[in-house]
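Trainee: As numbered in UniProt numbering, residues 1 to 478 make up the sequence shown, in order.
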Amino acid sequence: MTAAVAPWKQQVLQRGASLYVGDLDPEVTETDLRAAFYHVGPISSLRLCRCRLTGKSLCYAYVNLYSHAQASKALGLLNHTNLKGKPMRIMWCQRDPFARKTGFANLFVKNIDFSISSSCLESIFSKYGTILSCKVAGENGWSKGFGFVQFESQDSALAAQTALHDTMLGGKKLHVCKFVKKTERTAAAPCEVFTNLYVKNLDETITEDGLKDMFSVVGDVSSVAIMMDHEGKSKHFGFVNFKSPDDAKRAVDVMNGSVVGSKTLFVGKAQRKSERTMILKQEYKDLHNRSTEKLRALNLYVKNLNVDIDDKKLKEVFSAYGKILSVKVICHNDGTSKQFGFVCFASPQEANKALVALNGALLEGKILHVAKAQCKKDRHQEWHKFSGQNQPQSFYPSNCNTVSSALHPLHFNFDRSPHLPFLHHPMFCQHFGAHFGVQHPFMAQNYKQKFSTYMPVAETPLGSTLNTRDKSYQQHVC
């Protein structure tokens, strides 16, 4: 049977002498890389990738040597060796992103013993085919207990998965499966279906075997892990993975809150970091909303204060109406008052009492404005709601070419049919320009054409209704 080879295998075989060097320490420089590769042979070119904005290292680089043999030698000698205290991950440079984007022939390996390094894992999996990349995930120099192995062909990956899944390595049973991208895992797995449990508040004397025996009473357990520190001591939490989602749910109901030794266990669904972050954000948002609602009923906004009013004086005035939790007069950087502040009462009833009593009251020569304090978002919503309900109504005739009211933020509403008709706009007198004389016979006419709002009074809807008082006023003005 012919092995299934990636469509980019020819590129892999003909890639020449270009290497990708990843997982670099942020302090590694081009000089450090040249020194590391110097013993292998002369370097054609080297590029350490950096952020365009900050100039900081992106922790990966490309190294070009003069021959494929030199590059192969460098890959064999330097892969997983330490550079400034951190192991380098070296692989052939792949210009085609097919393998990276699709996860072709990529395996996910979990429940790895903390003593297993990337080089050790690669040596175990390399028996089943050519490995393009192998990595044990770590943080601050310590293993996270899982890793990734990418083969050159699907058949090699399948052979390794079949042979190594559920085998013992370093005292732990490996779990080997096909790598699935995060987006696909999120879409494929409903939130309610889970098999992996998070167990915390464990006694330090509990071992993984003891934890497995404890949960095996509920159902079949596939794997167990207790998190350890770098000294091998328990971090007092771990994970239990069941074969059946029903058993996992039952274990949460039975084991959560149970007492083991002198400690009460917490057992719940194991969550990814993104899930925990989202839940914490929602909890914070709910807490913030509850606090805002509570403060909205207690907090008063006071403006038009005299510049001499300080926190002490404001508290003295408002304390007559109830217990005050806090008082603040807002000031400029130089300490002068901005002439407004906030007063927070202990109860909504006391706040309402002060609002009714002091709104419009005179304090040191100024009339106070007291209202319930609002956040900026609420003020904007209220303003938009108010402005939407109070659209301006033009009192010009329909054929007048007036400027749109949208250009005027401050406007007033007028009745479309006022009891006293408005005078002609913009000229109070229809005889305007009649006395300009013979030298300028068309001046009045030109003036009328100049202003699009000019109309003979008789042609307007108001012209026929002008009463005697309006006409007398026009004659008086002229």
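Ideal Cβ positions, reconstructed from N, Cα and C, are used throughout, including at glycine.
Below 8 Å on the Cβ atoms is my guess for residue 134 versus residue 118; work out the distance and round it to an integer in Å.
Mentor: Within the sequence shown, the letter at position 134 stands for residue 134. Within the sequence shown, the letter at position 118 stands for residue 118. Rounded, the Cβ-Cβ distance is 6 Å, consistent with contact.
Trainee: I'd like the list of long-range same chain contacts for residue 161, defined as Cβ closer than 8 Å, with 5 residues on each side in sequence excluded.
Mentor: As a position in the sequence shown, residue 161 is number 161, starting the count at 1. The residues are 107, 176, 177, 178.
Trainee: If I follow the unbroken alpha helix (DSSP H) through residue 117, where does it start and stop?
Mentor: The residue you call residue 117 lines up with position 117 of the sequence shown. No alpha helix (DSSP H) holds residue 117; DSSP gives it neither H nor E.
Trainee: Is it buried or exposed, residue 279, if we count other Cβ atoms within 10 angstroms and call 16 or more buried?
Mentor: Walking along the sequence shown from the start, residue 279 turns up at place 279. Classification for residue 279: exposed.
Trainee: Please return the same chain residues whose Cβ sits closer than 6 Å to the Cβ of residue 418, not counting the five positions on each side in sequence.
Mentor: On the sequence shown, position 418 is the one that residue 418 refers to. Interpretation of residue 418 is limited by its pLDDT of 46, a score under 50 that renders its predicted location unreliable; the figure taken from the coordinates is listed afterwards. Nothing listed; no residue qualifies.
Trainee: Taking residue 48 as the reference, which of 34, 164, 40 has the closest Cα?
Mentor: Indexing the sequence shown from 1 puts residue 48 at position 48. Selected option, being the one with the closest Cα: 34.
Trainee: Report the rounded CA-to-CA distance for residue 80 versus residue 91, giving the unit in angstroms.
Mentor: In the sequence shown, counting from the first residue as 1, residue 80 sits at position 80. In the sequence shown, counting from the first residue as 1, residue 91 sits at position 91. Distance between the alpha carbons of residue 80 and residue 91: 10 Å.
Trainee: Residue 224 by DSSP, collapsed to three states: which one?
Mentor: Mapped onto the sequence shown, residue 224 falls at position 224. Residue 224 falls in the strand class under three-state DSSP.
Trainee: Residue range of the beta strand (DSSP E) that residue 43 falls in?
Mentor: Within the sequence shown, numbered from 1, the residue matching residue 43 stands at position 43. Residue 43 -> beta strand (DSSP E) spans 43-50.
Trainee: Buried or exposed: where does residue 26 fall if 16 or more other Cβ atoms within 10 Å of its Cβ makes it buried?
Mentor: For this step, residue 26 is matched to residue 26 along the sequence shown. When all chains shown are included, residue 26 counts as exposed.
Trainee: Quick one: complete beta strand (DSSP E) runs, 3+ long, within the UniProt domain "RRM" (17-95)?
Mentor: For the UniProt domain "RRM" (17-95), whole beta strand (DSSP E) runs of length 3 or above, ordered along the chain, are 18-22, 43-50, 57-65, 89-92.
Trainee: Ordered along the chain, which non-local residues of its own chain (more than five positions away) have a Cβ less than 6 Å from that of residue 22?
Mentor: In the sequence shown, counting from the first residue as 1, residue 22 sits at position 22. Once the five neighbours on either side are set aside, the close Cβ partners of residue 22 are 60, 89.
Trainee: In terms of alpha-carbon separation, which member of 348, 307, 229 lies closest to residue 337?
Mentor: Here residue 337 corresponds to residue number 337 of the sequence shown, with the count starting at 1. Closest option to residue 337, Cα to Cα, is 307.
Trainee: Can you check whether the CB of residue 227 is closer than 7 Å to the CB of residue 215?
Mentor: As a first step, residue 215 must be located in the sequence shown, where it is residue number 215. As a first step, residue 227 must be located in the sequence shown, where it is residue number 227. No. Outside cutoff.
Trainee: Going by the CB atoms, is the gap between residue 105 and residue 198 shorter than 7 Å?
Mentor: As a first step, residue 198 must be located in the sequence shown, where it is residue number 198. As a first step, residue 105 must be located in the sequence shown, where it is residue number 105. Not closer than 7 Å, so no.
Trainee: Between which two residues does the alpha helix (DSSP H) holding residue 139 run?
Mentor: Taking the sequence shown and counting its residues from 1, the one referred to as residue 139 is at position 139. Element bounds for residue 139: not the alpha helix (DSSP H) but the beta strand (DSSP E), 131-139.
Trainee: Exposed or buried, residue 65, counting other C-beta atoms within 10 Å across all chains shown (16 or more means buried)?
Mentor: The count along the sequence shown starts at 1 and reaches residue 65 at position 65. When all chains shown are included, residue 65 counts as buried.
Trainee: Which residues in the same chain have their Cβ closer than 6 Å to the Cβ of residue 52, if we skip the five residues on either side of it in sequence?
Mentor: Start at 1 with the first residue of the sequence shown, and residue 52 comes out as number 52. Hits under 6 Å: none found.
Trainee: To the nearest angstrom, how far is it from the Cα of residue 322 to the Cα of residue 204?
Mentor: Stepping through the sequence shown from its first residue, residue 322 is reached at position 322. Stepping through the sequence shown from its first residue, residue 204 is reached at position 204. Residue 322 and residue 204: Cα-Cα distance of roughly 53 Å.
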